[in-house]
Amino acid sequence: MNTQKMRKYSSPLREAHTQDTRERILDAVGVALQETPDGNMSIDAVARIANVERRTVFRHFTSKEALLDAFWEWINARLTDKTLPESLEELLWAPRQTFTRFDREEALIRASLHTSSGREMRLRMVPKRREAFHQALLEVTRGLEDNEARRVEAIAHLLYSASAWETLRDYGGLSGEEAGETVEWALRLLVETIARQKNDGDAPEITDRREK
């Protein structure tokens, strides 16, 4: 009887402890990446920073690659409500929110751009990202020649990206919020220009649902 009660009440505690340890390890990855400019962080460094044994890291993540995959997914979830736009409206207003959050995690965003693990993570996202941008821009590209539609999608990828955030900060001297506003302005200008070039000249109607 007592054993059953112990099992019943200890399981949530174990789960909470496991989750807490996992979070500490992932947080330690971020610190380790910032300590190694080339991004070649070691499992030993992660264990030291997280204050856990090396074997504990491998108990949660089967390999260094699995750890890095989990880390970048974890960071993406922290930085954005949605990593990919589901509509034209979302594509237009998301950069301001996302780029503002990038400022809070500047070192990690730069690591994602300039380390091999960050590049690998971004390349794995390419197929899903292309499909999401294609769907979000359909009402803009509908009726365009295929090569024109591809150019529109490519420009949207360029503007709404961590690379654009970094360039606008470093070369343009903008804050993340200002960079996001600039990208939104550029995307809206693109949409309006394409609309004017179409026979009917009507731009897709976009409702801005952000709180004023």
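Residues in the sequence shown are numbered from 1 upward in steps of one, following the UniProt record's numbering.
The beta-carbon is built from N, C-alpha and C at its ideal position, and this holds for glycine as well.
Rounded straight-line distance, which links the Cα of residue j to that of residue i
i, j, result
"A172", "L108", "Reading the sequence as shown, one finds Gly at residue 172 and not Ala. Going by the C-alpha atoms only, they are around 20 Å apart."
"R101", "G176", "7 Å"
"E192", "K198", "10 Å"
"residue 289", "V46", "Residue 289 lies beyond the range of the chain shown here (1 to 212); nothing can be said about it."
"T167", "E184", "15 Å"
"D44", "V126", "31 Å"
"R54", "L26", "14 Å"
"A156", "W93", "13 Å"
"L123", "V52", "31 Å"
"E178", "L13", "44 Å"
DSSP state of residue i mapped onto helix, strand, coil
i, result
"K128", "helix"
"P85", "coil"
"S112", "helix"
"R59", "helix"
"V191", "helix"
"N147", "helix"
"residue 216", "Here the chain comprises residues numbered 1 to 212, so residue 216 is not present and cannot be evaluated."
"T167", "helix"
"residue 216", "With the chain covering 1 to 212 only, the question about residue 216 has no answer from this structure."
"N76", "helix"
"G176", "helix"
"V52", "coil"
Candidates the options: closest to residue i by CA position
i, options, result
"E15", "H60, N76, A132, R142", "H60"
"W74", "T56, T193, M121", "M121"
"Y160", "E23, F99, S117", "F99"
"A28", "H134, A195, R48", "R48"
"G30", "E181, V140, D146, R78", "R78"
"L91", "R104, Q135, L26, L13", "Q135"
"R104", "N51, G143, N76, A66", "N76"
"A162", "N147, G143, E106, E145", "E106"
"P85", "L13, N40, E131, N147", "E131"
"E89", "R188, E178, K128, A195", "R188"
"L158", "R196, R129, F58, K64", "R129"
"L138", "F58, M41, I194, S11", "I194"
"W165", "F133, A186, V140, P95", "P95"
Residue environment, residue i, which counts as buried when at least 16 other CB atoms sit within 10 Å
i, result
"R150", "exposed"
"residue 221", "This structure cannot speak to residue 221, because the chain is shown only from 1 to 212."
"A154", "exposed"
"S112", "buried"
"A66", "exposed"
"R169", "buried"
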